[in-house]
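What follows is one structure encoded as structure tokens, with my remarks underneath.
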Amino acid sequence: MSTLELIWDAHTRYKLWSWTNGSTHYVAHVIRRLNGRPHIFTVRIGARGTATVPTSNTDECASVAVVKMASTPEAAEALAREAQVYAQLAGVQGIAVPRCFGHFHGRVGGKEVVCLVLEYCAGFPGEQMQDPHRQIMFSAYALHAQGIMHGDLLSGRHFVKSGRAMMILDFAAAVPHHCLHGKRVLGPDGRPGRGVCPELAALEQSYGVYRRSERHSKRGASDDDDDLEHTRGRGGVYR
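Numbering-wise, the sequence shown is residues 0 to 238 according to numbering that gives the first Met the number 0.
The following block contains the structure:
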């Protein structure tokens, strides 16, 4: 069992529990709402007994994370589904999707409190990534290899740069998926062929090698980064 002490201010703190992520005991100080969303907050987070445990919301020794709170039973169910997706994606957390610190529960003032705590991912202004379209496809294939189809990647709102990786966020529309893309399969006529996954095939049309080569011939490679900054600014990412 893991625990989370979520500290809002000098007078308000929540003590929550999770049975999803080992036995780490976290302390998190709330920084602010994320982009004005009433149910999503940034925090400074660290594990007890380590040098990363924060003493305030300005303590830079601690990592920045995102806390998604549920204020209704429907929102709590949605967070539970998203937590299940992150559990299935444990093998690619920090590589293609954010790290998940846990799905925490508790009671505060007689009311149930539920939250999902995720690594905060955001590209820095001016930061450039070598071949971002290749990284997008790498992350999308990583999801499918773990048995998950995102369901809304074509909107472009759910990709965000994090160091050298391209993270995929928001799994509200995700479903279990046995991906046969590119694999040898038998067609309806019994003849062998190659499987086609609608999500990956559509992404390849936008971000795959042929599309990427076409863009590089018409513009500079750094323009791809400009596209992604514009995309990220449109959509909000964490939901």
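Beta carbons are placed, not taken as given, at the ideal position from N, Cα and C, and that holds for glycine.
Checklist entry - With 16 as the cutoff for other CB atoms within 10 Å, does N20 come out buried or exposed? => result Counted from its first residue, the sequence shown places residue 20 at position 21. Label assigned to N20: buried.
Item to check | Candidates S1, G146 and M165: closest to G155 by CA position | outcome: For the purposes of this step, residue 155 is taken as the residue at position 156 of the sequence shown. G155 has its Cα closest to that of M165, out of S1, G146 and M165.
Checklist entry - What's the C-alpha gap between A50 and C60? => result Here residue 50 refers to the residue found at position 51 when the sequence shown is read from its first residue. Here residue 60 refers to the residue found at position 61 when the sequence shown is read from its first residue. Cα-Cα distance, rounded: 7 Å.
Checklist entry - Which of the three DSSP states, helix, strand or coil, is assigned to R163? => result Here residue 163 refers to the residue found at position 164 when the sequence shown is read from its first residue. R163 falls in the coil class under three-state DSSP.
Next on the checklist: Which residue marks the beginning of the alpha helix (DSSP H) containing L78, and which one marks its end?
Outcome noted: What you label residue 78 is simply residue 79 of the sequence shown in a count that begins at 1. It spans P72 to Q87 - the alpha helix (DSSP H) in which L78 sits, taken as one unbroken run.
Checklist entry - Y25 lies in the beta strand (DSSP E); which residues open and close that run? => result Here residue 25 is taken as the residue at index 26 of the sequence shown, counted from 1. H24 to R32 is the span of the beta strand (DSSP E), which, as asked, contains Y25.
Checklist entry - Taking C-beta to C-beta, are F137 and Y25 nearer than 8 Å? => result By 1-based counting over the sequence shown, the position of residue 137 is 138. By 1-based counting over the sequence shown, the position of residue 25 is 26. Not closer than 8 Å, so no.
Item to check | Start-to-end residues for the beta strand (DSSP E) that takes in L179 | outcome: By one-based count along the sequence shown, residue 179 stands at place 180. Counting along the chain, L179 falls outside any beta strand (DSSP E), and DSSP gives it neither H nor E.
Checklist entry - Can at least three beta-carbon pairs, one atom from the segment 83 to 98 and one from the segment 138 to 149, be found at a separation below 8 Å? => result yes
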